[in-house]
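What follows is a set of notes on a single structure, which appears directly below.
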Amino acid sequence: YPSSGEVGWMQALDGFFKVDLSESFQEIYESFAPKQLATARLPAECTNYVYLICKGFMGGFVAGYWNTFFKHLQRSGLDTLMVPLDTVGASLHNARVIRDCVLAQTKMVVLIGHSKGGVDSSMAITLFPEIIPRVRGLITLQSPFGGSPIATDFCQSSPKFFAGALKSLMGDPKAMDQLTYKFRRQFFKEHSYPIAKVPTVCFTSSCGTHFTVMRRFYAYIMQMYGVPNDGMVCSPDAVLPGAISVHVDRVDHGSTVVAMPLCVYSKNRLVDSLLSLLFHHTSKAEEMLDHSEPIPINTGMIPTASLVRVQAPTSSTN
564 YPSSGEVGWM
574 QALDGFFKVD
584 LSESFQEIYE
594 SFAPKQLATA
604 RLPAECTNYV
614 YLICKGFMGG
624 FVAGYWNTFF
634 KHLQRSGLDT
644 LMVPLDTVGA
654 SLHNARVIRD
664 CVLAQTKMVV
674 LIGHSKGGVD
684 SSMAITLFPE
694 IIPRVRGLIT
704 LQSPFGGSPI
714 ATDFCQSSPK
724 FFAGALKSLM
734 GDPKAMDQLT
744 YKFRRQFFKE
754 HSYPIAKVPT
764 VCFTSSCGTH
774 FTVMRRFYAY
784 IMQMYGVPND
794 GMVCSPDAVL
804 PGAISVHVDR
814 VDHGSTVVAM
824 PLCVYSKNRL
834 VDSLLSLLFH
844 HTSKAEEMLD
854 HSEPIPINTG
864 MIPTASLVRV
874 QAPTSSTN
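Residue numbers (my numbering): 564 to 881.
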């Protein structure tokens, strides 16, 4: 199978670790009352930033994509902008758009990206270091940093079909290819994400036994590779090395951003909880921004017990 031996490859890298704060996330989420404003849930510093929302693949064609959360932040009085990404465009193009958007702001920003939007955001930070002093942090949800078996398998089995489909949407045929394991491996070989300089929270999920409209995709990945996934992205592929990680079950790839039946988590409370983790467990003091030395990932604000070194999952070859 095309993705055999590829799933979870990042976590096999020497020295890979993540800061697992899944339990803290759950406690924070349960402590938030429904319909609270974000400013009532988050520390006072939350008003210091502009929140740049980055949609994922084909997000521009999906009605209501992250509209609820966008309006929630605006209603809370927070400066919020939906970055005008080409959601069927190449990641490098979108990385430039994100760079320009960051540099155009008069305040520091918090980048929030779903799926490919998180990949595009991390690429902007990696390729354009001039924006790093302006980025308070990055939050990603279900982003295939290591690659996606759906993108890999489908691109390999039907490359002409997907290239034609993207062209029909005025998109770039490279948009899907750049989410494959081959491309993502090569990118990480050539570029290192500056985790020590940009506090980063990566959210991952698995459908599990929960009912989901993405059940067929989830079942396909489980049957082929035997790895927990959200129907599009495998959990171990969605965490950048050294990042804070959060994993939950019974959440599919779409239910974090669009209205789906039987959602377990509120979209607003979920992302507010991730923002709370970012603000409470990381810092980016002004005096640290001009230092040439890397900022230690564990500044004392993250419990050492939460640092987790992991081994890559073994993909099923059935």
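Backbone N, C-alpha and C define an ideal beta-carbon position, used for all residues, glycine too.
| Asked | Found |
| --- | --- |
| Selection from L666, T669 and L655 that minimises the alpha carbon distance to D683 | L655 |
| Neighbourhood of Y614 by C-beta distance below 8 angstroms, restricted to the same chain and skipping five residues each side | L636, L641, D642, T643, L644, V672, V673 and I675 |
| Which of helix, strand or coil DSSP assigns to D683 | helix |
| Burial state of P692, where buried means 16 or more other Cβ atoms lie within 10 Å | exposed |
| Sequence-distant residues of its chain with Cβ nearer than 6 angstroms to H754 (five each side left out) | T689 |
| Top-ranked residue by Cα proximity to L833, from V570, E590 and F620 | E590 |
| Selected residue, minimal CA-CA separation from G709, among H677, R699, Q749 and A738 | Q749 |
| C-beta atoms of Y781 and T775 nearer than 8 angstroms | yes |
| Given 8 angstroms, three or more beta-carbon pairs between the segment 698-712 and the segment 799-813 | yes |
| Identified DSSP bridge partners for H656 | For H656, which the question treats as bridged, DSSP gives no partner whatsoever. |
| Cβ-Cβ separation, F842 to P606 (assumed contact under 8 angstroms), whole Å | 5 angstroms |
| Given D740 as reference, the closest of G568, K752 and C718 once Cα atoms are compared | C718 |
| Boundaries (first-last residue) of the beta strand (DSSP E) holding D642 | D642 to M645 |
| Simplified DSSP assignment, three categories, for I702 | strand |
| Residue span of the beta strand (DSSP E) that contains D835, given as start and end | Run containing D835: none in the beta strand (DSSP E); it sits in the alpha helix (DSSP H), K830 to H844. |
| Nearest-angstrom Cα separation, counted from Y788 out to I713 | 11 angstroms |
| Neighbour flag for D649 against chain C, beta carbons, 8 angstroms | Chain labels in this structure do not include chain C; a single protein chain is all it has. |
| Secondary structure of C797, DSSP reduced to three states | strand |
| Three-state secondary structure assigned by DSSP to S585 | helix |
| Exposure of A575, with buried meaning 16 or more beta-carbon neighbours within 10 Å | exposed |
| 8 angstroms Cβ cutoff met for I616 and F633 | yes |
| Given V570 as reference, the closest of L838, V827, A806 and T743 once Cα atoms are compared | T743 |
| Cβ-Cβ separation, M785 to H816 (assumed contact under 8 angstroms), whole Å | No, H816 and M785 are not in contact; Cβ-Cβ is about 14 angstroms, not under 8 angstroms. |
| 7 angstroms Cβ shell around V814 - same chain, five flanking residues per side excluded | S768, D793, V827 and Y828 |
| The alpha helix (DSSP H) enclosing I784, as first and last residue numbers | R778 to Y788 |
| Presumed contact (8 angstroms Cβ cut-off) between D663 and N657, rounded CB distance | The Cβ separation is near 11 angstroms, so there is no contact. |
| A653 versus F620: straight-line alpha-carbon distance, rounded | 10 angstroms |
| Rounded separation between G681 and V821 - CA only | 16 angstroms |
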